[in-house]
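Only one structure is covered here, and it is reproduced in the block below.
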Amino acid sequence: MSSSPPPYFETLHDSAGHGQPPIVHARSLPAATGAFTAVSKHGDATLRLTAQHDNIDLPVYDIAGVVAGTIELTKTDHIVTVEVKVDGHLRLIETGEDGHSDTTLVSETTVLWAAEGKDSESVCPSVLPFSVTLPPTFEADGETHALPPTYSVERSGIPGFSATVEYSISAIIHKHPSILHPASLLHSGNTTVSTPFIYNPRTRPVHPVPPSLKYADGGFIDDLEWQRHESVIKSSLGADGVQDIVARLHLPARGIFCASEPIPFHLTIECDASSLAAFQQFAPTTGNSGNTGATQVRLMRQSRMHIRNPRNPDAKTDMWRDDYIGEGTFTLVGNSPTSVSYSGEIKRAAVEVTSFKSRGLMVQDFIALSVTPSSANPPIVGMREAVQVWLTTDAQ
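Right, here's the structure in full:
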């Protein structure tokens, strides 16, 4: 795979104007009062995780979250030690090649109880409480990285890739080998009960989304809280009477949005009268039924993987996958002989995880303006332009 971004990313725009967007951790929510339980194969051990919501598929933890609960045992004799272990891994695999990596994000083991000695008659308690705080960062290659959220993405085909960030917690009960049945000596003699969990740091914007821009004849009035991104829709070679067309996409300047709320935008198309008439067949579809026109504004997620091939350590593979996770709707605001203007919004993003960058894996979000003529011999050339934005889990 090429080490360059897709061709329509020749110019990436940082809508916030800086590398580190003003995002803060979300406000604390009232503690959940439910519990999540996992039971061992033979039912002799239960892992109970507290401070969870009812009827969840997996337990969920925020940044620096406390993984707390109890280990409950139905048989407590002959136990040597009881441990709780939290694991986290970032696994990258290049399909069709030898490139792969497995980075340990978290590996913490806590001994909750241990017999006093080999011949000790001490009895393990039937209920053992525990509490483990997740680290906010991890170390790799001499650098400190933020602990990434639970995530999984795959690009099928060859070349292709898969990337997985996963976390789990396990309760491990060790028994004295002397009490094991001879057949069980082939195994560890341990009882293990474990469950994956979801790590998803909650964030929110510092500032709210600004009020909509005001429209005047010919376009929208610039405002410091909005940033204008200008691009050119080229005329096709040999298209009589059609000149290049200017597209002005206005987005909130800070470029930070809650993933569960609409993202506003404004768009003005400007050119001479004959070119504007030629463009009308490719104009956005207005209304709330969904935009099926040739001109679209969408929220796009790019998952990008960097990995080294062990057979050639100097070569670094760069692969990505693009997914549209939000569609824009348009409302006609005004027009003139040489321009047409729309206001719109991108509906709720179909994601739970926000953008992040970790060792060899980067997930970024963009607002993409695209014009894709579908007719034969169109008078204009297709265009796509992307503006980087940041999503948060919570509202301001």
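Position one of the sequence shown corresponds to residue -11 (this note's numbering), numbered consecutively onward. Each residue gets a CB set at the ideal place from its N, CA and C atoms; glycine is no exception. For clarity, every value in this text was computed on a predicted model and none was experimentally measured.
Query raised in the report: Which term fits leucine 122, buried or exposed, when burial requires 16 or more other beta carbons within 10 angstroms of its beta carbon?
Result: Your numbering for residue 122 matches position 134 in the sequence shown. Classification for leucine 122: buried.
Query raised in the report: Looking at leucine 255 and aspartate 353, is the spacing between their C-beta atoms short of 8 Å?
Result: Position 365 of the sequence shown holds residue 353. Position 267 of the sequence shown holds residue 255. No, Cβ-Cβ distance for aspartate 353 and leucine 255 is not below 8 Å.
Query raised in the report: Going along the chain, which unbroken runs of the beta strand (DSSP E) with 3 or more residues stay wholly within the region 193 to 255?
Result: 214 to 221, 233 to 240 and 244 to 246
**Report entry** Whole-angstrom distance between aspartate 306 and leucine 78, CA atom to CA atom
**Finding:** One-based indexing of the sequence shown puts residue 78 at position 90. One-based indexing of the sequence shown puts residue 306 at position 318. Rounded to whole angstroms, leucine 78 to aspartate 306 spans 17 Å at the Cα level.
Query raised in the report: Taking the beta strand (DSSP E) that phenylalanine 118 falls in, what are its first and last residues?
Result: Taking the sequence shown and counting its residues from 1, one reaches residue 118 at position 130. Looking at the DSSP string, the run of the beta strand (DSSP E) that includes phenylalanine 118 is 115 to 121.
Requested in this report: Quick one: using the 10 Å Cβ neighbour count with 16 as the cut-off for buried, is valine 111 buried or exposed?
Outcome: For the purposes of this step, residue 111 is taken as residue 123 along the sequence shown, with counting starting at 1. With fewer than 16 other Cβ atoms within 10 Å, it is exposed.
Report task. With a cut-off of 8 Å on the beta carbons, I'd call glycine 207 and methionine 293 a contact; round off their distance for me. Result -> Taking the sequence shown and counting its residues from 1, the one referred to as residue 207 is at position 219. Taking the sequence shown and counting its residues from 1, the one referred to as residue 293 is at position 305. About 40 Å; that fails the 8 Å criterion.
**Report entry** Cβ pair valine 27, valine 181 closer than 8 Å
**Finding:** The sequence position of residue 27 within the sequence shown is 39, counting from 1. The sequence position of residue 181 within the sequence shown is 193, counting from 1. Yes.
Query raised in the report: Just to confirm, are valine 99 and glutamate 60 a CB contact at a threshold of 8 Å?
Result: As a working note, residue 99 is residue 111 in the sequence shown. As a working note, residue 60 is residue 72 in the sequence shown. Against a cut-off of 8 Å, the Cβ pair of glutamate 60 and valine 99 comes out as no contact.
Query raised in the report: Should leucine 80 and isoleucine 295 be called a contact, given that it needs their Cβ atoms to be closer than 8 Å?
Result: In the sequence shown, counting from the first residue as 1, residue 80 sits at position 92. In the sequence shown, counting from the first residue as 1, residue 295 sits at position 307. Taking 8 Å as the Cβ cut-off, leucine 80 and isoleucine 295 qualify as a contacting pair.
Query raised in the report: Can you give the Cα-Cα distance for alanine 364 and serine 224, rounded to whole angstroms?
Result: As a working note, residue 364 is residue 376 in the sequence shown. As a working note, residue 224 is residue 236 in the sequence shown. Roughly 12 Å between the two C-alpha positions.
Query raised in the report: So what does DSSP say about alanine 265, is it helix, strand or coil?
Result: Counted from its first residue, the sequence shown places residue 265 at position 277. Helix, per DSSP.
Query - Where proline 272 falls: helix, strand or coil (DSSP) - result: On the sequence shown, residue 272 is found 284 positions in, with the first residue counted as 1. Proline 272 falls in the coil class under three-state DSSP.
Report task. Output the distance between the C-alpha atoms of valine 359 and isoleucine 51, rounded to the nearest integer angstrom. Result -> Counting from one through the sequence shown, the residue named residue 359 turns up at place 371. Counting from one through the sequence shown, the residue named residue 51 turns up at place 63. Distance between the alpha carbons of valine 359 and isoleucine 51 is about 40 Å.
Query raised in the report: Which term fits glutamine 40, buried or exposed, when burial requires 16 or more other beta carbons within 10 angstroms of its beta carbon?
Result: Position 52 of the sequence shown, counting from 1, holds the residue named residue 40. That one is buried.
Query raised in the report: In its own chain, which residues sit with a C-beta less than 8 Å from the C-beta of valine 68, not counting the 5 before and 5 after it?
Result: Residue mapping note: residue 68 aligns to position 80 of the sequence shown, counting from 1. Same-chain partners within the cutoff: Ala102, Ala103, His162, Lys163 and His164.
Query raised in the report: The beta strand (DSSP E) spanning threonine 98 covers which residue range?
Result: The residue you call residue 98 lines up with position 110 of the sequence shown. Taken as a continuous stretch (DSSP letters only), the beta strand (DSSP E) holding threonine 98 covers 88 to 102.
Report task. Give the straight-line distance between the Cα atoms of glycine 145 and threonine 138, rounded to the nearest whole angstrom. Result -> Position 157 of the sequence shown, counted from the first residue, corresponds to residue 145. Position 150 of the sequence shown, counted from the first residue, corresponds to residue 138. Cα-Cα distance, rounded: 24 Å.
Query raised in the report: Among the residues of its own chain, which have a CB less than 6 Å from the CB of valine 153, if the five just before and after it don't count?
Result: Reading the sequence shown from its first residue, position 165 is the one you call residue 153. Excluding sequence neighbours, valine 153 sits near Leu78, Pro136, Thr138 and Tyr139.
Query raised in the report: Mind pulling the beta strand (DSSP E) runs of 3 or more residues that sit fully within the region 123 to 188?
Result: 125 to 128, 131 to 134, 139 to 143, 148 to 163 and 178 to 187
**Report entry** Rounded C-alpha distance that separates alanine 383 from valine 194
**Finding:** The residue you call residue 383 lines up with position 395 of the sequence shown. The residue you call residue 194 lines up with position 206 of the sequence shown. Their Cα atoms are separated by approximately 9 Å.
Query - Contained beta strand (DSSP E) runs [length at least 3] in the region 281 to 345, N- to C-terminal order - result: 283 to 297, 300 to 324 and 327 to 334
Query - CB contact flag (threonine 326, alanine 261, <8 Å) - result: Against the sequence shown, residue 326 aligns to sequence position 338. Against the sequence shown, residue 261 aligns to sequence position 273. Yes. Within cutoff.
Requested in this report: Under 6 Å Cβ to Cβ from glycine 76, same chain only, skipping five residues before and after it: list those, please.
Outcome: Here residue 76 corresponds to residue number 88 of the sequence shown, with the count starting at 1. Excluding sequence neighbours, glycine 76 sits near Leu93, Val94 and Tyr155.
Report task. Starting from the Cα of isoleucine 157, find the closest Cα among Ala56, Leu239 and Pro113 and give me that residue. Result -> The count along the sequence shown starts at 1 and reaches residue 157 at position 169. Closest option to isoleucine 157, Cα to Cα, is Ala56.
**Report entry** Among Asp45, Asp86, Lys73 and Asp90, nearest to aspartate 129 - alpha-carbon criterion
**Finding:** Locating residue 129 in the sequence shown gives position 141, where the first residue counts as 1. For the residues Asp45, Asp86, Lys73 and Asp90, the minimum Cα distance to aspartate 129 belongs to Asp90.
Query raised in the report: Is valine 12 closer than 8 Å to arginine 236 when the C-beta atoms are compared?
Result: Numbered from its first residue, the sequence shown carries residue 236 at position 248. Numbered from its first residue, the sequence shown carries residue 12 at position 24. For arginine 236 and valine 12, no; Cβs fall outside 8 Å.
Query raised in the report: Taking 7 Å as the cut-off, is the CB of serine 95 close to at least one heavy atom of the ligand NAP?
Result: Among the ligands in the structure shown, none appear at all, so the ligand NAP cannot be discussed.
Requested in this report: Using only alpha-carbon positions, find the residue among Arg190, Ser331 and Gln284 that is nearest to threonine 380.
Outcome: Numbered from its first residue, the sequence shown carries residue 380 at position 392. The residue with the shortest Cα to Cα distance from threonine 380 is Arg190.
Requested in this report: With DSSP as the reference, please indicate the residues paired to aspartate 75 in a beta bridge.
Outcome: Reading the sequence shown from its first residue, position 87 is the one you call residue 75. According to DSSP, aspartate 75 bridges with Ser95 and Ser156.
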